[in-house]
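Under the UniProt record's numbering, the first residue of the sequence shown is numbered 1, with each subsequent residue one higher.
C-beta: ideal position from N, C-alpha, C; glycine also.
Being a predicted model, the structure only gives us computed values, none of them experimental.
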Amino acid sequence: MRKLENSELDRKSIEDFKKSDKTPLIIVLDDIRSLHNIGSVFRTSDAFLVEKIILCGITATPPNKEIHKTALGATETVAWEHHENVLEVIENLKKENVITMAIEQVESSIFLQDFKVTKNQKYALVFGNEVYGVAQEAVAICDGCIEIPQLGTKHSLNIAVSAGIVVWDLFQKLNWPSNV
Numbered sequence: 001m002r003k004l005e006n007s008e009l010d011r012k013s014i015e016d017f018k019k020s021d022k023t024p025l026i027i028v029l030d031d032i033r034s035l036h037n038i039g040s041v042f043r044t045s046d047a048f049l050v051e052k053i054i055l056c057g058i059t060a061t062p063p064n065k066e067i068h069k070t071a072l073g074a075t076e077t078v079a080w081e082h083h084e085n086v087l088e089v090i091e092n093l094k095k096e097n098v099i100t101m102a103i104e105q106v107e108s109s110i111f112l113q114d115f116k117v118t119k120n121q122k123y124a125l126v127f128g129n130e131v132y133g134v135a136q137e138a139v140a141i142c143d144g145c146i147e148i149p150q151l152g153t154k155h156s157l158n159i160a161v162s163a164g165i166v167v168w169d170l171f172q173k174l175n176w177p178s179n180v
């Protein structure tokens with residue numbers, strides 16, 4: 001087995017990325033404090049051709065040197081926008097028939113492995129603050145909540161890790177439905 005060189009990875013150009021069909025996922029980041037977490041979510045979103053990232057509240061926006069450290073250029077490929085109020089964002093997405101799912105531990109949440117996707121349906125995944133999670137007001141107006149099962153003592157994952165897990169899961173369910 002030989003490790004591949006960067007030149008062998010068939011990477012898209014920025015232009016090709018922008019023209020590519022996107023995975024019908026929108027990532028909503030609300031009040032994310034860590035610039036490195038924001039950059040990491042951009043990089044994950046680039047890897048899986050996520051349609052867009054919506055940054056809300058105190059979440060910093062590109063261009064930003066600290067976001068760039070982990071995004072490694074993904075802020076140039078992944079579409080993004082900033083809005084102050086996450087509740088308005090969720091309401092607007094719902095009006096556009098986007099299914100909004102908070103990623104949070106709540107009563108009646110759906111464990112990630114049990115969440116079923118519908119082909120050609122667009123989903124928005126709402127991630128909240130590193131300490132407080134998704135605001136209760138946002139949870140209340142989302143169409144549902146997805147929970148990542150955790151078996152250890154912490155029952156808490158870094159937001160960038162959570163985004164990677166959930167985006168990968170939905171990406172593979174949307175692209176390889178025999179896995180659902």
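- Between the alpha carbons of D46 and T153 lies a gap of roughly 32 Å.
- Between the alpha carbons of G57 and K69 lies a distance of about 22 Å.
- Taking the Cα positions, Q113 is about 20 Å away from V134.
- Between V41 and T23, the CB-CB gap reaches or exceeds 8 Å.
- By the CB criterion at 8 Å, N129 and D30 fall inside the cutoff.
- For D30, the enclosing beta strand (DSSP E) starts and ends at T23 to D30.
- By the neighbour-count definition (other C-beta atoms within 10 Å, threshold 16), N120 is an exposed residue.
- Under DSSP, A124 forms a beta bridge with I26 and T100.
- A check of alpha carbon separations from V28 across T61, V89, K65 and E137 identifies V89 as the nearest.
- The DSSP-derived three-state label of K52 is strand.
- In the structure shown, the three-state DSSP call for G57 is coil.
- The three-state reading of DSSP puts N92 in helix, counting H, G and I together.
- Between N64 and L35, the gap from beta carbon to beta carbon is short of 8 Å.
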